[in-house]
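Visitor:
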Amino acid sequence: MNLTHIEHIGIAVNSIEEAKKYYENVLGLECYAVELVEDQKVKTAFFMIGQTKIELLEPTSDESAVAKFIAKKGQGIHHIAFATDDVDKSLKEAENKGIKLIDKEKRKGAEGLNIGFLHPKFTMGVLTEFCEK
Ligand code: CMX
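Residue numbering for the sequence shown is 1 to 133, as defined by the numbering used here.
#1: Can the beta-carbon of residue 135 be found less than 7 angstroms from the beta-carbon of residue 42?
#2: Within this structure, are the beta carbons of residue 58 and residue 13 separated by less than 7 angstroms?
#3: What are the uninterrupted segments assigned as beta strand (DSSP E) that are 3 or more residues long and contained completely in the region 12-55, given in chain order?
#4: Decide if residue 90 is buried, meaning its Cβ has at least 16 other Cβ atoms within 10 Å, or exposed.
#5: With H, G and I counted as helix, E and B as strand and the rest as coil, what does DSSP make of residue 2?
#6: Which of the three DSSP states is assigned to residue 108 in this structure?
#7: Taking residue 69 as part of the alpha helix (DSSP H), name the residues at either end of that continuous run.
#8: Report the CB separation of residue 49 from residue 87 in whole angstroms; it is logged as a contact under 8 angstroms.
#9: Among the candidates 94, 106 and 128, whose CA atom is the shortest distance from the CA of residue 11?
#10: Could you round the C-beta distance between residue 111 and residue 35 to whole angstroms and report it? I think they count as a contact, below 8 angstroms.
#11: On the DSSP bridge assignment, give the partners of residue 9 in chain order.
Now the structure itself:
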């Protein structure tokens, strides 16, 4: 599988407004974008570090996957996203190796990127995303 780097790490937070203070004032990172991803029912905020992003995820509805995650586990690392040149191909390869897919094919995620998720039950509890520009 042709994965090149960690594209982003998704972190579930109760409030982007609050969490941003830590990333900006303590770690000294710059928030370069805030975006609503309506179909995922989340607000996102992005910080760049090297070629990797930190993606803060704030639920906008109790039905959001992120709201459920926080209710169960509290705030913290929600998913890891690997950069690939072909999400559909990476999903298919993972499926052929016995990994259950959440997304059968790529869809649009934050920043207009093509994305696809693997099920955390098949990846040792780490929700895994493939991400393609
Ligand atoms: N990391 C690890 N495990 C997770 C998880 C996560 N982020 N989210 C859910 N789980 C686990 C739950 O703890 C639960 O485990 P148990 O069966 O041991 O209790 C199991 O998965 C089922 O979770 P659930 O809360 O009952 O929720 P659902 O089955 O309805 O959905 C999942 C789980 C992973 C399929 C769903 O959260 C999903 O489709 N996630 C991918 C999409 C997503 O997270 N989008 C957020 C925005 C991302 C973005 O745009 O960047």
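Backbone N, C-alpha and C define an ideal beta-carbon position, used for all residues, glycine too.
Every value quoted in this text rests on a predicted model; they were computed, and no experiment measured them.
Guide: Looking at the atomic coordinates:
#1: Only positions 1 to 133 of the chain appear in the structure, and residue 135 is not among them; the question remains open.
#2: Yes, Cβ-Cβ distance for residue 58 and residue 13 is below 7 angstroms.
#3: Listed in chain order, they are 31-37 and 42-49.
#4: Per the 10 Å Cβ criterion, buried.
#5: The answer is coil: DSSP assigns residue 2 none of H, G, I, E or B.
#6: DSSP places residue 108 within a strand segment (E or B) once states are collapsed to three.
#7: From DSSP, the alpha helix (DSSP H) with residue 69 extends over 65-73.
#8: Cβ-Cβ separation between residue 49 and residue 87: approximately 23 angstroms, too far for a contact (criterion under 8 angstroms).
#9: Put simply, of 94, 106 and 128 the residue whose alpha carbon is nearest the alpha carbon of residue 11 is 128.
#10: 7 angstroms between Cβ atoms; contact.
#11: Here residue 9 is bridged, per DSSP, to 54 and 80.
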